[in-house]
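All remarks here apply to the structure that follows.
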Amino acid sequence: MNDPRNRQYTNGDITVFWVPSKCIHATTCFRELIEVFNPGRRPWVNMDGAPTRKIIEVVNKCPTQALIWKNNQDLTEEEQKAQRSVVPTEETPRTLSGQEEPTSIRIMRDGPIVVEGRFSITGSEDQKLKPSTLTSFCRCGASRNMPYCDGTHRKIDFTDQNSAYGE
Amino acid sequence: MENENTRFKVIAGGPLKVTGRFQIKGPDGEIIETAEAVFLCRCGNSSNKPFCDGSHKQNGFAE
């Protein structure tokens with residue numbers, strides 16, 4: 200755990216540890232919870248993006264334990280100290296395999312549209328929005344950060360009834 | 919971004935217009951669209967999700 204690239208993120212309740220050397224880019228974390236795990240953003244983990252129990256559920260699905268979590272009361276002294284230090288740079292998981300692939304647009308069940316690739320976004324007033332290689336668009340109509348997903352679909356119980364893919 | 923494959927245009931009070939080279943997959947990984955231009959529902963009320971069916975006009979969707 201002494202690799203200088205390692206990172207930890209907390210919401211005051213639990214701490215998520217990120218060990219880049221163990222990551223095989225299975226992409227489970229951001230497929231399931233882009234509001235928290237977004238490799239297109241710095242820092243790439245936003246612990247305020249979802250409730251603690253949801254973060255735990257997704258961290259537990261990481262196939263290599265590149266992501267693990269601990270209750271904050273179980274942290275070692277060293278880990279508590281690291282919590283307070285400011286870390287200027289971080290790696291992010293590599294997500295793009297082939298640049299010539301068509302842009303991938305994934306419809307998440309009862310959730311957002313997740314886009315990965317090379318793309319541009321123009322806003323509703325014809326303004327150019329910040330470029331990215333990974334983003335998620337709101338599909339429930341209730342985000343307070345339009346046009347992006349902010350996790351509100353869970354609060355309003357958005358569902359995929361009446362969909363073209365047979366729900 | 920330079921040389922982008924795909925362009926997204928947010929339509930005020932309406933859908934997301936997508937043009938260019940892209941592939942849309944559904945929740946189970948099935949390919950549901952490979953056309954060159956589509957309109958994706960943003961209001962949450964389409965009866966043909968993920969595509970727009972004009973429902974945003976009935977429900978007064980605004981952001």
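Each protein sequence line maps, in turn, to chains V and U. So the first sequence is residues 200 to 366, counted in the numbering used here. So the second sequence is residues 919 to 981, counted in the numbering used here. In this text, a Cβ means the ideal position worked out from N, Cα and C, and glycines have one as well.
1) Please classify V/Gln360 as buried or exposed, where buried requires at least 16 neighbouring CB atoms within 10 angstroms.
2) With DSSP run on the structure shown, which of helix, strand or coil describes V/Thr351?
3) Residues in the stretch 969–980 of chain U with C-beta within 7 Å of chain V's C-beta atoms, listed in sequence order?
4) In chain order, what residues of the same chain have a beta carbon less than 7 Å from the beta carbon of V/Ala281, not counting five sequence neighbours either side?
5) Please report the distance separating the alpha-carbon of V/Gly340 from that of U/Ile942.
6) Answer yes if the stretch 262–274 of chain V comes into contact with the stretch 220–236 of chain V, meaning at least three C-beta pairs across the two stretches below 8 Å, and no otherwise.
7) From the beta carbon of U/Thr924, is the nearest beta carbon of chain V less than 8 Å away?
8) Look at the alpha carbon of V/Phe216 and the alpha carbon of U/Glu951, and state the distance between them as a whole number of angstroms.
9) What is the rounded straight-line gap between the Cα of V/Val313 and the Cα of V/Ile304?
10) Three or more C-beta pairs under 8 Å: does that hold for the stretch 330–340 of chain V against the stretch 251–263 of chain V?
11) Whose Cβ in chain V lies nearer than 9 Å to the Cβ of U/Phe940?
12) Ends of the alpha helix (DSSP H) at V/Ala281?
13) Please work out which residues of its chain come closer than 6 Å, Cβ to Cβ, to V/Phe318, disregarding the five sequence neighbours upstream and downstream, and give them in chain order.
14) Near V/Met345, which residues of its chain fall below 7 Å by C-beta distance, leaving aside the five closest residues on each side in sequence?
15) Return helix, strand or coil for V/Ile304, following the three-state DSSP convention.
16) Using only the alpha-carbon positions, how far apart do V/Ile355 and V/Thr321 sit?
17) Chain V beta carbons: is any one of them nearer than 8 Å to that of U/Ala930?
18) Using a beta-carbon distance below 8 Å, is U/Pro933 in contact with chain V?
On the basis of the supplied data:
1) Within the first sequence, residue 360 of chain V is the residue found at index 161, counting from 1. Burial is judged here by how many other beta carbons sit within 10 angstroms of a residue's own beta carbon; V/Gln360 has fewer than 16 and is exposed.
2) Here residue 351 of chain V refers to the residue found at position 152 of the first sequence. It is helical.
3) Along the stretch 969–980 of chain U, going in chain order, the ones with a CB nearer than 7 Å to a CB of chain V are Phe969, Phe979.
4) Residue numbering aside, residue 281 of chain V sits at position 82 when the first sequence is read from its first letter. Here the set comprises Gln207.
5) Sequence index remark: in the first sequence, residue 340 of chain V carries index 141 (1-based). Sequence index remark: in the second sequence, residue 942 of chain U carries index 24 (1-based). In this structure, the alpha-carbon of V/Gly340 lies about 20 Å from that of U/Ile942.
6) Segment contact: the stretch 220–236 of chain V against the stretch 262–274 of chain V, three or more CB-CB distances shorter than 8 Å; contact assigned.
7) Position 6 of the second sequence, counted from the start, is the residue given in the question as residue 924 of chain U. Yes, U/Thr924 counts as interfacial toward chain V.
8) Within the first sequence, numbered from 1, the residue matching residue 216 of chain V stands at position 17. Within the second sequence, numbered from 1, the residue matching residue 951 of chain U stands at position 33. In a straight line, the C-alpha of V/Phe216 is about 37 Å away from that of U/Glu951.
9) Locating residue 313 of chain V in the first sequence gives position 114, where the first residue counts as 1. Locating residue 304 of chain V in the first sequence gives position 105, where the first residue counts as 1. Whole-angstrom Cα-Cα distance: 6 Å.
10) Contact fails: fewer than three Cβ-Cβ distances are below 8 Å.
11) Within the second sequence, residue 940 of chain U is the residue found at index 22, counting from 1. Those within 9 Å of U/Phe940 in chain V are Pro301, Thr302, Ser303, Ile304, Val314, Gly316, Phe318.
12) If you number the first sequence from 1, residue 281 of chain V lands on position 82. Taken as a continuous stretch (DSSP letters only), the alpha helix (DSSP H) holding V/Ala281 covers 276–283.
13) Start at 1 with the first residue of the first sequence, and residue 318 of chain V comes out as number 119. The beta carbon of V/Phe318 sits closer than 6 Å to the beta carbons of Thr302 from its chain, once the five residues preceding and following it are set aside; these are given in chain order.
14) Stepping through the first sequence from its first residue, residue 345 of chain V is reached at position 146. Apart from the 5 residues on each side of it in sequence, V/Met345 sits with its Cβ closer than 7 Å to the Cβ of Cys337 in its chain, given in chain order.
15) Translated into the one-based positions of the first sequence, residue 304 of chain V becomes position 105. Three-state DSSP puts V/Ile304 in a strand.
16) Counted from its first residue, the first sequence places residue 355 of chain V at position 156. Counted from its first residue, the first sequence places residue 321 of chain V at position 122. When rounded, the distance between both Cα atoms is 27 Å.
17) Here residue 930 of chain U refers to the residue found at position 12 when the second sequence is read from its first residue. Taking Cβ atoms only, chain V reaches closer than 8 Å to U/Ala930, which makes this a yes.
18) Here residue 933 of chain U refers to the residue found at position 15 when the second sequence is read from its first residue. U/Pro933 does not count as touching chain V.
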